[in-house]
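So for the sequence shown, the numbering used here puts the first residue at 45; every next one is plus one.
Step one of this worksheet: look at the structure below.
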Amino acid sequence: MAQTVAQPTATTPVVPATLPLKAIAPWAVFFGILMLVLLYFVGAEQGATSVFNGTDVHEWVHDARHLLGFPCH
Numbered sequence: 045m046a047q048t049v050a051q052p053t054a055t056t057p058v059v060p061a062t063l064p065l066k067a068i069a070p071w072a073v074f075f076g077i078l079m080l081v082l083l084y085f086v087g088a089e090q091g092a093t094s095v096f097n098g099t100d101v102h103e104w105v106h107d108a109r110h111l112l113g114f115p116c117h
């Protein structure tokens with residue numbers, strides 16, 4: 045039985061594609077601002093700093109406030 049051996053061939057090295065910082069920066073800023081807005085609504089949307097009147101936002105994020113350790117009552 046004859047066995048074949050794979051011979052090495054000359055190939056160009058594989059270079060991973062780079063992602064430029066200019067492409068990532070706008071998305072990072074967008075998601076950073078989005079996270080800050082969500083953190084505000086979960087953590088501080090009630091009382092003196094309230095943007096909306098009433099307790100609707102507080103009731104919607106009530107369990108998240110407890111989960112994240114924010115006191116609310």
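Positions of the beta carbon are idealized from the N, C-alpha and C atoms, including for glycine.
Is the separation between the beta-carbon of Q90 and that of V101 shorter than 9 Å? The sequence position of residue 90 within the sequence shown is 46, counting from 1. The sequence position of residue 101 within the sequence shown is 57, counting from 1. Taking 9 Å as the Cβ cut-off, Q90 and V101 qualify as a contacting pair.
Which whole runs of the alpha helix (DSSP H) in the segment 53–96 are 4 residues long or more, in chain order? DSSP runs (the alpha helix (DSSP H)) wholly in the segment 53–96: 65–87.
How about V86 and L112: are their beta carbons less than 9 Å apart? Start at 1 with the first residue of the sequence shown, and residue 86 comes out as number 42. Start at 1 with the first residue of the sequence shown, and residue 112 comes out as number 68. Less than 9 Å separates the beta-carbon of V86 from that of L112.
Boundaries of the alpha helix (DSSP H) in which A108 is found, first to last residue: Along the sequence shown, one-based indexing puts residue 108 at 64. Segment H106 to L112, the alpha helix (DSSP H) holding A108.
Using three-state DSSP, classify V101 as helix, strand or coil. Position 57 of the sequence shown, counted from the first residue, corresponds to residue 101. In the three-state DSSP reduction, V101 falls in the helix class (H, G or I).
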